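**Student:** Under the UniProt record's numbering, the residue at position 253 of the sequence shown is numbered 253, and the numbers go up by one with no gaps.
The structure under discussion is supplied below as structure tokens; questions concerning it will follow.
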Amino acid sequence: MGKTELLEKHAHVLGLQDINVDIPARKLQVIMGLSGSGKSTLIRHINRLIDPTAGEVIVDGENVLEFDQKRLMDFRRHKTSMVFQRFGLFPHRTVEENVAYGLTVQGINKKKATEASRRWTEKVGLAGYEDSYPNQLSGGMQQRVGLARALATDAEILLMDEAFSALDPLIRTDMQNLLLELQTDLNKTIIFITHDLDEALKLADRLVILKDGAVIQQGEPQHILLHPNDPYIEDFVADINRARVLRVRSVMEPLEGPATAEQAAQIEAKDHLIDHDDTLEEVIARSRGEVDRDYLVLKNGQLVGNLHMEDVVRALVPRIPENEDDEEVKKTEAA
Numbered sequence: 001m002g003k004t005e006l007l008e009k010h011a012h013v014l015g016l017q018d019i020n021v022d023i024p025a026r027k028l029q030v031i032m033g034l035s036g037s038g039k040s041t042l043i044r045h046i047n048r049l050i051d052p053t054a055g056e057v058i059v060d061g062e063n064v065l066e067f068d069q070k071r072l073m074d075f076r077r078h079k080t081s082m083v084f085q086r087f088g089l090f091p092h093r094t095v096e097e098n099v100a101y102g103l104t105v106q107g108i109n110k111k112k113a114t115e116a117s118r119r120w121t122e123k124v125g126l127a128g129y130e131d132s133y134p135n136q137l138s139g140g141m142q143q144r145v146g147l148a149r150a151l152a153t154d155a156e157i158l159l160m161d162e163a164f165s166a167l168d169p170l171i172r173t174d175m176q177n178l179l180l181e182l183q184t185d186l187n188k189t190i191i192f193i194t195h196d197l198d199e200a201l202k203l204a205d206r207l208v209i210l211k212d213g214a215v216i217q218q219g220e221p222q223h224i225l226l227h228p229n230d231p232y233i234e235d236f237v238a239d240i241n242r243a244r245v246l247r248v249r250s251v252m253e254p255l256e257g258p259a260t261a262e263q264a265a266q267i268e269a270k271d272h273l274i275d276h277d278d279t280l281e282e283v284i285a286r287s288r289g290e291v292d293r294d295y296l297v298l299k300n301g302q303l304v305g306n307l308h309m310e311d312v313v314r315a316l317v318p319r320i321p322e323n324e325d326d327e328e329v330k331k332t333e334a335a
């Protein structure tokens, strides 16, 4: 029974149904969906801000739903941190005190908590604002404080519920870049909730798309963009700037075995080389409109594939299925 039918027949709202998601450690997992899709409910099941009516939440082999109150509090204090959409800062505390709050709750002494607070305040670009109060900061600065507070506890799992949604577009982009930069060094397990597909594609190592409380598709973002498995997903990705989002690794021809002598010479000469993580937009700019170019693809200096410009064009212009009328015309012409 679906969400609409359940509401009409029984006056109950379906939050989530048959959710089965594996979240890899030390990766940035994005859960995306429109309002009412169940994404915020799902993230709150992880630390049991909302208890599910059935199922399991397994973290490091343990079912969080079986934790008693003491273990649950310990799990929330040490294993997870959360960043909220509306910042959630204490208005009567300074930036330094807000960032140190989670450490204080953990029982860390004041000196160590203050040192950690100052270190994380600097990392998020707010050095010099330690003694400021939240109402003296812009929205973007307040969210930096929220991010610093979450990271200061050194929790393994960072839960971010629409963390950047309330920010202006330019500030939002800055925060996305900051998160990616920090993740490069920290390698946390981050679960990020958003309703914005551009944001999801930019941030995600893995992506889950929800609709009406159910998972419609999940996987590597590049794969979802190239191979949507549902009309709902097709509509979602239809207007995406593919050149800006798709990476070379998604459309290249993988190579097995060592480089040939010709390829080795091409690498030595640094001729027609691109990185596996370059966007197709960067490749197009480099090709200067020449569609017959081929490139060798490198990853960490090692040859991993070939890229043909024809493949780039095909990736940017998805094949439109032919309808039955077109097929009939072709058959008539062939006859």
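Beta carbons are placed, not taken as given, at the ideal position from N, Cα and C, and that holds for glycine.
Just so we're clear, the structure is a prediction, and the values are computed from it rather than from any experiment.
Please go through the same chain and pick out, in chain order, the residues whose beta-carbon is closer than 7 angstroms to the beta-carbon of Asn63, but skip the five residues on each side of it.
**Tutor:** As a first step, residue 63 must be located in the sequence shown, where it is residue number 63. Answer for Asn63: Glu56 and Val57, listed in chain order.
**Student:** When you compare each of Gln176, Ala163 and Leu159 to Lys188 by their alpha carbons, which one comes out closest?
**Tutor:** Translated into positions along the sequence shown, residue 188 becomes position 188. The shortest C-alpha separation from Lys188 is found at Leu159.
**Student:** In chain order, what residues of the same chain have a beta carbon less than 7 angstroms from the beta carbon of Ala214, not counting five sequence neighbours either side?
**Tutor:** One-based indexing of the sequence shown puts residue 214 at position 214. Closer than 7 angstroms at Cβ, skipping near neighbours: Gln17 and Asp18.
**Student:** Closer than 8 angstroms is the cut-off here; do at least three beta carbon pairs connect the segment 221-230 with the segment 32-46?
**Tutor:** no
**Student:** Tell me the residue span of the beta strand (DSSP E) that contains Lys299.
**Tutor:** Start at 1 with the first residue of the sequence shown, and residue 299 comes out as number 299. Note, Lys299: beta strand (DSSP E), Asp294 to Lys299.
**Student:** Is Pro221 helix, strand or coil by DSSP?
**Tutor:** If you number the sequence shown from 1, residue 221 lands on position 221. Helix.
**Student:** Taking just the CA atoms, how far does Ala54 sit from Phe90?
**Tutor:** For this step, residue 90 is matched to residue 90 along the sequence shown. For this step, residue 54 is matched to residue 54 along the sequence shown. Spanning the two alpha carbons is a distance of roughly 34 angstroms.
**Student:** Give the DSSP bridge partners of Arg247, in chain order.
**Tutor:** Against the sequence shown, residue 247 aligns to sequence position 247. Bridge partners of Arg247: Thr279.
**Student:** Out of His92, Leu298, Glu8 and Leu210, point me to the one whose CA is closest to Gln136's CA.
**Tutor:** Here residue 136 refers to the residue found at position 136 of the sequence shown. Nearest of His92, Leu298, Glu8 and Leu210 to Gln136, Cα basis: His92.
**Student:** Identify which residue in Leu49, Trp120, Asp271 and Asp278 has its Cα closest to the Cα of Leu178.
**Tutor:** As a position in the sequence shown, residue 178 is number 178, starting the count at 1. Closest by alpha carbon: Trp120.
**Student:** Counting C-beta neighbours from all protein chains within 10 Å, is the total for Pro169 16 or more, i.e. buried, or is it exposed?
**Tutor:** If you number the sequence shown from 1, residue 169 lands on position 169. Exposed.
**Student:** Please report the residue range of the alpha helix (DSSP H) in which Val237 lies.
**Tutor:** Counting from one through the sequence shown, the residue named residue 237 turns up at place 237. Val237 -> alpha helix (DSSP H) spans Pro231 to Val237.
**Student:** Could you tell me whether the segment 293-305 touches the segment 269-276, using the rule of 3 or more Cβ pairs below 8 angstroms?
**Tutor:** yes
**Student:** For Phe90, does the three-state DSSP call read helix, strand or coil?
**Tutor:** The sequence position of residue 90 within the sequence shown is 90, counting from 1. Residue state, collapsed to three classes: coil.
**Student:** DSSP on Pro228, reduced to helix/strand/coil?
**Tutor:** Numbered from 1 along the sequence shown, position 228 holds the residue referred to as residue 228. Here Pro228 sits in coil by DSSP.
**Student:** How far does the alpha helix (DSSP H) with Leu210 in it extend, from its first residue to its last?
**Tutor:** As a working mapping, residue 210 is identified with position 210 in the sequence shown. From DSSP, Leu210 is part of no alpha helix (DSSP H) but of the beta strand (DSSP E) over Arg206 to Lys211.
**Student:** What does a CB cutoff of less than 8 angstroms around Gln183 pick up in its chain, not counting 5 residues either side in sequence?
**Tutor:** Residue numbering aside, residue 183 sits at position 183 when the sequence shown is read from its first letter. Closer than 8 angstroms at Cβ, skipping near neighbours: Leu28 and Ile190.
**Student:** Taking the beta carbon of Leu206 as the centre, do at least 16 other beta carbons fall within 10 Å, making it buried, or is it exposed?
**Tutor:** Sequence index remark: in the sequence shown, residue 206 carries index 206 (1-based). With the sequence shown as reference, residue 206 is identified as Arg, and Leu is not the correct amino acid for it. Counting Cβ neighbours within 10 Å, Arg206 comes out buried, since at least 16 surround it.
**Student:** If you count every other CB in all the chains shown that lies within 10 Å of the CB of Leu296, and 16 or more means buried, which is it?
**Tutor:** Numbered from its first residue, the sequence shown carries residue 296 at position 296. Burial call: buried.
**Student:** On the three-state DSSP scale, how would you describe Val13?
**Tutor:** Position 13 of the sequence shown, counted from the first residue, corresponds to residue 13. Coil.
**Student:** Quick one: using the 10 Å Cβ neighbour count with 16 as the cut-off for buried, is Ser110 buried or exposed?
**Tutor:** Position 110 of the sequence shown, counted from the first residue, corresponds to residue 110. The displayed chain sequence assigns Lys, not Ser, to residue 110. Flag for Lys110 reads exposed.
**Student:** Which same chain residues, not among the five before or five after Glu162, have their C-beta less than 6 angstroms away from its C-beta?
**Tutor:** Counted from its first residue, the sequence shown places residue 162 at position 162. The residues are Gln85 and Ile193.
**Student:** Tell me whether the segment 36-44 and the segment 229-239 touch, counting them as touching only if at least three CB pairs, one residue from each stretch, are closer than 8 angstroms.
**Tutor:** No, because fewer than three Cβ pairs between the segment 36-44 and the segment 229-239 fall closer than 8 angstroms, the two stretches do not touch.
**Student:** Can the beta-carbon of Val95 be found closer than 9 angstroms to that of Asp131?
**Tutor:** In the sequence shown, counting from the first residue as 1, residue 95 sits at position 95. In the sequence shown, counting from the first residue as 1, residue 131 sits at position 131. Their beta carbons are under 9 angstroms apart, which means Val95 touches Asp131 by this criterion.
**Student:** Whole angstroms are fine: how far does the CA of Ala315 sit from the CA of Lys331?
**Tutor:** The sequence position of residue 331 within the sequence shown is 331, counting from 1. The sequence position of residue 315 within the sequence shown is 315, counting from 1. Here Lys331 scores only 49 on pLDDT, less than 50, and its place in the model should not be relied on; the value that follows carries that caveat. Taking the straight line from one Cα to the other gives about 28 angstroms.
**Student:** Taking the alpha carbon of Gln176 as the reference point, which residue from Phe164, Asn241 and Pro228 has its own alpha carbon closest?
**Tutor:** Here residue 176 is taken as the residue at index 176 of the sequence shown, counted from 1. Taking only the C-alpha atoms, the option nearest Gln176 is Phe164.
**Student:** Looking at the secondary structure, which residues open and close the beta strand (DSSP E) in which Leu307 lies?
**Tutor:** For the purposes of this step, residue 307 is identified with residue 307 of the sequence shown, where counting begins at 1. Here the beta strand (DSSP E) through Leu307 covers Gln302 to His308.
**Student:** Decide if residue 407 is buried, meaning its Cβ has at least 16 other Cβ atoms within 10 Å, or exposed.
**Tutor:** The first residue shown for the chain is 1 and the last is 335, placing residue 407 beyond what the model contains.
**Student:** With a threshold of 16 other CB atoms inside 10 Å of the CB of Gly2, please say whether the residue is buried or exposed.
**Tutor:** The residue labelled residue 2 in the question sits at position 2 within the sequence shown. When all chains shown are included, Gly2 counts as exposed.
**Student:** Quick one: using the 10 Å Cβ neighbour count with 16 as the cut-off for buried, is Ala148 buried or exposed?
**Tutor:** Along the sequence shown, one-based indexing puts residue 148 at 148. Buried, by the Cβ-count rule.
**Student:** Which of helix, strand or coil does DSSP assign to Val124?
**Tutor:** Numbered from 1 along the sequence shown, position 124 holds the residue referred to as residue 124. Val124: coil per DSSP, three-state reduction.
**Student:** Please specify which runs of the beta strand (DSSP E), each continuous and at least 3 residues long, are wholly inside the segment 96-182, giving them in chain order.
**Tutor:** 157-161
**Student:** Measure the alpha-carbon distance for Ala335 versus Asp230 and round it to whole angstroms.
**Tutor:** Residue mapping note: residue 335 aligns to position 335 of the sequence shown, counting from 1. Residue mapping note: residue 230 aligns to position 230 of the sequence shown, counting from 1. Note that Ala335 scores a pLDDT of 48, beneath 50, so its modelled location is shaky; the value from the coordinates is reported in the next line. Cα to Cα, the separation comes out at about 36 angstroms.
**Student:** Measuring only from the beta carbon, is Leu246 closer than 8 angstroms to any heavy atom that is part of the ligand ZN?
**Tutor:** Inclusion of the ligand ZN in the displayed structure is not the case, the ligand content being empty and no account of it being possible.
**Student:** What residue range is occupied by the uninterrupted alpha helix (DSSP H) comprising Gln266?
**Tutor:** Position 266 of the sequence shown, counted from the first residue, corresponds to residue 266. First-last of the alpha helix (DSSP H) with Gln266: Ala261 to Glu268.
**Student:** The beta strand (DSSP E) spanning Ser35 covers which residue range?
**Tutor:** Numbered from its first residue, the sequence shown carries residue 35 at position 35. First-last for Ser35: undefined, no H or E at that position.
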